[in-house]
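1 is the number of the first residue of the sequence shown in my numbering; add one for each residue after it. Where a beta carbon is used, it is the ideal one built from N, C-alpha and C, also for glycine. Taking it in order: structure first as structure tokens, then the write-up.
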Amino acid sequence: MLIEHLNRQLLELDAAALRRRLRTHTTPCQPHLQLQGADAPLLAFCSNDYLGLANHPALVQALADGARRWGVGSGASHLVSGHYEAHAALEQRLADWQAAHIPGARALLFGSGYAANIALLTALGEATATLFCDQLNHASLIDGARLAKAAVQRYPHADLGVLAQQLQACATPLKLIVTDAVFSMDGDLADLPALLQLAERHDAWLIIDDAHGFGVLGARGHGCLQHFGLRSERLIYMGTLGKAAGVYGAFVAAHPSIVEWLLQRSRTYIYTTALPPALAQALQTSLDLIEGPEGAARRQQLLALIGRWRAGVQPLLAAAKGGQGGQGGLHLPDSHTPIQPLIVGDNARTLALDAALQARGLRVPAIRPPTVPVGSARLRLTFSASHTQADLERLLAALAESLQELSL
Ligand SMILES: *Cc1c(COP(=O)(O)O)cnc(C)c1O
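This is the structure in structure tokens:
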């Protein structure tokens, strides 16, 4: 019986401390989140709204204006009748941003980063191709590789030596290296210049998922390619619009022939309703904010918060029972992006720390397998430019108390 079967499996999830729970909030996306039924708002360190744009008054106004101009829905997929001037203008601007790095780039909008990654890997990953994938790539890239007809080789996280050997030994005519730019659970940056060199040496292409870099990295927030100052026709760029950009959707920017092929062939582009044009219009305001002085100031604030967090948490870890890196100790990986994990290891202890922080009015999510490798359960903090210094001091104080209470 299906229901009994599922209920048994759900109990197993409970027993392994792996059951996920949905939380309902009654406030918009912001650092102080009100949970339905709770007395007071929680100070949250878990959204991907890195620049604090999701609830920015100028964007709220832009979306209202967009809805007045375009209505709410697009009514159809892009290739039927759902493609409007607002989409075309946004695609042009996104292409212009990346054209400094990918000569002649064209951009194509998708409903989400998940859909864009499935599109890229299935449309380009034909039977005569090999996909070379970092083992810590995002789930959407893993699923895209599973659905592709191409052969798939995974290399240990960031291990370019192994990747070079795999490329050397590969005989398929088309080779595609696939990587997150900022790894979503660890916050570390892929060595994109070295990956591009490998691609050039082995006549391969480099597919980059910049979900966490777009808006955050680069002098003007254009993302990881701007950050590293890369330039090559071999770059295939995917950026998302629901994280730092504060709205929803995603895009691919690449050589025009690649983009045209995606439009012809990718099922997650063709068989789905187009993003509402009002969102495309609002996203222009988001891009204005990102590349203007306000975006620069917000990125500056973000860097200050990250620096203060790393400086403030080190002494807590040194004082913790196991000591940094020691048996049972906590570990702070070397991340300089707004994604700041604190690795605990054990699932139940990670949940206990999550709960202890929540008891102090903080929301810092525990991330467990299978999202991260077994034995590396962690708190995954993310910072936003809308956090204040006071928020950060409150976080450090609550963490110190919680570690002591749990004698971690
Ligand atoms: C969030 C995320 C995606 C998916 O993007 P959505 O627009 O949320 O579907 C893809 N890749 C990475 C690395 C992500 O973190």
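CA nearest to the CA of residue i, picked from the options
i    : options                : result
L316 : S407, V259, D354       : S407
T350 : T337, A169, R360, G375 : G375
V152 : Q165, I177, L136, Q168 : I177
Q281 : G113, L18, L147, L90   : L90
A377 : A398, P341, G361, I102 : P341
V87  : N137, A278, L53        : The sequence given here places His at residue 87; Val does not occur at that position. Ranking N137, A278, L53 by Cα distance to H87 puts A278 first.
V259 : I236, T273, G223       : I236
L160 : A139, S184, F132, L174 : F132
Q135 : V372, L174, S402       : V372
A67  : R265, L189, L283       : L283
Q389 : T240, I102, G329, A304 : A304
P333 : I306, L353, A348       : I306
T285 : A245, R146, G312, A274 : A245
L399 : A356, R380, Q98        : A356
G218 : T27, R299, S47         : R299
L241 : A397, D209, L79        : D209
D188 : D49, N137, E233        : N137
N55  : A274, C29, E405        : C29
Backbone CA spacing between residue i and residue j [nearest angstrom]
i    : j    : result
L163 : A250 : 28 Å
A158 : I367 : 21 Å
D83  : L108 : Inspection of the sequence shows that residue 83 is occupied by His rather than by Asp. Their backbone Cα atoms lie some 11 Å apart in a straight line.
N117 : D143 : 9 Å
P31  : I339 : 15 Å
A15  : D180 : 32 Å
Q166 : L42  : 47 Å
L33  : V344 : 25 Å
L59  : L230 : 30 Å
G113 : T272 : 14 Å
N7   : R21  : 15 Å
R363 : H25  : 12 Å
G459 : A123 : Past the edges of the chain, shown from 1 to 408, lies residue 459, and the structure says nothing about it.
S386 : Q61  : 19 Å
K243 : A211 : 7 Å
G361 : L289 : 31 Å
V182 : T337 : 8 Å
I3   : L13  : 15 Å
L18  : D191 : 33 Å
Q324 : L263 : Any reading at Q324 must be qualified, since the residue scores a pLDDT of 46, below 50, and its modelled position is unreliable; no value is offered.
A320 : L403 : 7 Å
L63  : R69  : 10 Å
Q327 : D346 : At Q327 the pLDDT is 44, less than 50, meaning the model places this residue with poor confidence and gives no usable figure here.
R380 : H331 : 12 Å
E291 : M1   : 56 Å
E85  : G223 : 25 Å
Integer-rounded CB distance, given that residue j should sit under 8 Å from residue i
i    : j    : result
V72  : P276 : 6 Å
G215 : L51  : 6 Å
G295 : G213 : Not quite, the Cβ-Cβ distance comes to about 14 Å (not below 8 Å), so this is no contact.
E126 : A150 : 6 Å
A253 : A119 : Not quite, the Cβ-Cβ distance comes to about 13 Å (not below 8 Å), so this is no contact.
Q168 : H202 : 7 Å
P270 : S140 : Residue 270 is actually Ile in this sequence, not Pro. Between S140 and I270 the Cβ distance is about 18 Å, and since that is not below 8 Å, they are no contact.
F383 : W309 : 7 Å
H255 : I102 : 7 Å
T128 : C170 : With 8 Å as the limit, T128 and C170 do not qualify as a contact, their Cβ atoms being about 11 Å apart.
A145 : L121 : 6 Å
T268 : A148 : Incorrect: roughly 12 Å between the Cβ atoms, too far for contact.
Residue i at chain D interface by Cβ criterion, 8 Å
i    : result
A107 : Going by chain labels, chain D is absent from the structure shown, which holds only one protein chain.
Just list the alpha helix (DSSP H) runs in the region 240 to 323, keeping only unbroken ones of 4 residues or longer that don't cross its boundaries, in chain order. 256 to 265, 267 to 270, 277 to 291, 293 to 319
Ligand 1 site residues, beta-carbon cut 6 Å against heavy atoms: S112, G113, Y114, N117, H138, S140, D180, S184, D209, A211, H212, T240, G242, A250
Whole alpha helix (DSSP H) runs in the region 108 to 155 with 4 or more residues, listed along the chain? For the region 108 to 155, whole alpha helix (DSSP H) runs of length 4 or above, ordered along the chain, are 113 to 124, 139 to 147.
Within the region 171 to 202, ranges of the alpha helix (DSSP H) (whole runs, at least 4 residues): 192 to 201
Residue ranges of each alpha helix (DSSP H) run of no fewer than 4 residues wholly in the region 41 to 115, ordered along the chain? 57 to 70, 85 to 99
Residue ranges of each beta strand (DSSP E) run of no fewer than 3 residues wholly in the region 352 to 403, ordered along the chain? Given a length threshold of 3 residues, each whole run of the beta strand (DSSP E) inside the region 352 to 403 is given here in chain order: 377 to 382.
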